[in-house]
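Counting along the sequence shown from 1, when you hit position 351 you're at 453 in my numbering, and nothing is skipped either side. Comments concern the structure below.
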Amino acid sequence: MENLKGFEAWFVTGSQHLYGPEVLESVAEHSRKMVDSFNTTPAIPVKIVFKPVVKTPGEIYQVCQEANSSATCIGLITWMHTFSPAKMWIAGLKTLQKPILHLHTQFNRDIPWSDIDMDFMNLNQSAHGDREYGFMISRMRLERKVVVGHWQDPDVQAQIGAWSRVATAWLDAQGAKIARFGDNMREVAVTEGDKVEAQLKFGWSVNGYAMGDLVKHVDAVTESGINALTAEYESKYTMAPELRKGGAKNASLREAARIELGMRSFLEEGNFKGFTDTFENLRGLIQLPGIAVQRLMNDGYGFGAEGDWKMAALLRAMKVMATGLPGGNTFMEEYTYHMDPSGMLALGAHMLEICESVAEGKPSCEVHPLGIGGKADPVRLCFNVAAGPAINVTLLDMGSRFRILANEVEAVKPRHPMPKLPVARVLCDPKPNLVTAATAWIYAGGAHHTCYSQNITADHIRDFAEIAGVEFILIDKDTKINEFKNQLRWNDLYYHLAKGL
């Protein structure tokens, strides 16, 4: 996605007929001015759409039904300018299937000390109108995002913008198709999961396809298509000499291009948003897809290695959230540690498949032996990941529920060159430190596969988990192991009891 302006968040203001037409006209005028302002700030990436002020149960029900059926509405931003008796909202909220942001604000920032009278008070009642509305959503046990503060405050607008990114990713997830080329890596536990429950919880449709279905697309690639793509490789990346035209391994580059074009054709024809593969089942392909996967991720596809469909689907969601933001998102794996007591670090990488969106500088296109899989040497992009704050996120099927686990990290520049490591890689300082972070990650059952993000925060992921109604756990600078273990225990009890509520 180039931007999110094709998506809409509907701004719905609540009131009632009690206050008369003049007050209702002022409510509508204020709401329009707020919407106009929201649509001029770069902090909010979607279009905010003003909806007529709702004053009756019928009007509320109708706007909720219209939101449900809209292909572009990501959710409702609701605000009670005056007092809106909340029983009016029950029928609409019972049927609403889109996320809700409850904006607790008021049109005026300051109290007009010398002029305030009861007319002003009757018009500007958000302080208790929003509490009446908030009670009903809590009473109905509905998830929502609550944002409090004056609507012109940059922090408030940033929170609205962040929620709109998450709500757009949620809309994108509904019916999103994930293709699996081969099954999960044999005997691996964490990449497994309940695909039916995932579709119920997140909307993802995950299905397997025979390698022969993919190979048909690979075999149908034309020489002219390969010529054009290899020329693009040479113009975009620092090319290893042996891969250039006339080089000893140019045939490997051409085969990598053939695989990319074939995979792209398959995914586009089936309208897929993510995919997986596994080196244990690649019959019909000459080499394991490396640069193909890296470039497809860079174009917005989700990916998970060794059949890890949960990472593919989660990565797609994070890429949608991040649309238009600097930095990138990629599939990642925790690979090895630097356990020097003066500064412990974790090295993240994978055999091949790290998205170039997180690269520092111009990637190098290289070919090297893989050592596993029994295939020809695959072509891949090699680079260091840029330093800076980031998060690692994973999605787990705990048997009784899904758990989303995140760790805030700080990517750092490598201490020394790694000339013999022919993969993309990132060196990270996990928060609060490696020992505590790894201990907490393992206690929480965290996977070795993650989605690594330079531009999505833990708050985005928390909002996504809350919309889905799944568990979210964060490891950050304040994490203490005893408290963390207690959180896991309390969560186990809560989710066990919640099933019976």
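Quick reminder that beta carbons are idealized off the backbone N, C-alpha and C, glycines included.
Under 8 Å between C-beta atoms of G463 and F485: With respect to F485, G463 sits close: the two C-beta atoms are nearer than 8 Å.
Between E512 and P534, which are expected to be in contact by the criterion C-beta below 8 Å, what is the C-beta distance as a whole number of angstroms? About 11 Å separates the two Cβ atoms, so there is no contact after all.
In the DSSP assignment, find the beta strand (DSSP E) that holds Y437 and state where it starts and stops. N431 to H440
Closest by CA to Y163, which one among A193, T142 and F152? A193
Cβ pair count under 8 Å reaching 3, the region 107-117 against the region 152-166: Judged by pairs of C-beta atoms under 8 Å, the region 107-117 touches the region 152-166, as three or more such pairs exist.
Thinking just about the alpha-carbon of each residue, which of F377, I150 and E325 is nearest to the one in G108? I150
Based on Cα-Cα distance, which residue from L355, S555 and W181 lies nearest to N494? S555
Do F504 and T378 have their C-beta atoms within less than 8 Å of each other? no
Where are the beta strand (DSSP E) runs, 3 residues long or more, that stay fully inside the region 454-519, in chain order? You should have 466-469, 481-484, 490-499 and 504-514.
According to DSSP, residues forming a beta bridge with K149: Under DSSP, K149 shares a beta bridge with E110.
Across which residues does DSSP place W181 in a beta bridge pair? For W181, the beta-bridge partners assigned by DSSP are T115.
V572 burial status per 10 Å Cβ neighbour count (16 or more: buried): buried
Report, in whole angstroms, the separation of the C-beta atoms of H487 and A540, which I expect to be a contact under 8 Å. Residue identity differs from the one stated: residue 487 is Val in this sequence, not His. No, V487 and A540 are not in contact; Cβ-Cβ is about 19 Å, not under 8 Å.
Residue interval of the alpha helix (DSSP H) (run including I280): For I280, there is no enclosing alpha helix (DSSP H); the enclosing beta strand (DSSP E) covers residues K279 to F283.
Please report the straight-line C-alpha distance between V528 and T340, rounded to a whole angstrom. 19 Å
In chain order, what residues of the same chain lie with their CB nearer than 6 Å to the CB of R267, ignoring the 5 residues before and after it? M423
Which residues in the same chain have their Cβ closer than 8 Å to the Cβ of M182, if we skip the five residues on either side of it in sequence? T115, G116, S117, Q227, S228, G231, D232, E234 and Y235
Give a yes or no on whether the minimum CB-CB distance between W191 and chain D is below 8 Å. The structure shown contains no chain D; it is built from a single protein chain.
Starting from A448, follow its DSSP beta bridges and name the residues at the other end. Bridge pairing for A448: Y439 and C530 [DSSP].
Between the alpha carbons of P524 and Y437, how many angstroms are there, rounded? 14 Å
R211 classed as buried or exposed, judged by whether at least 16 other C-beta atoms fall within 10 angstroms: exposed
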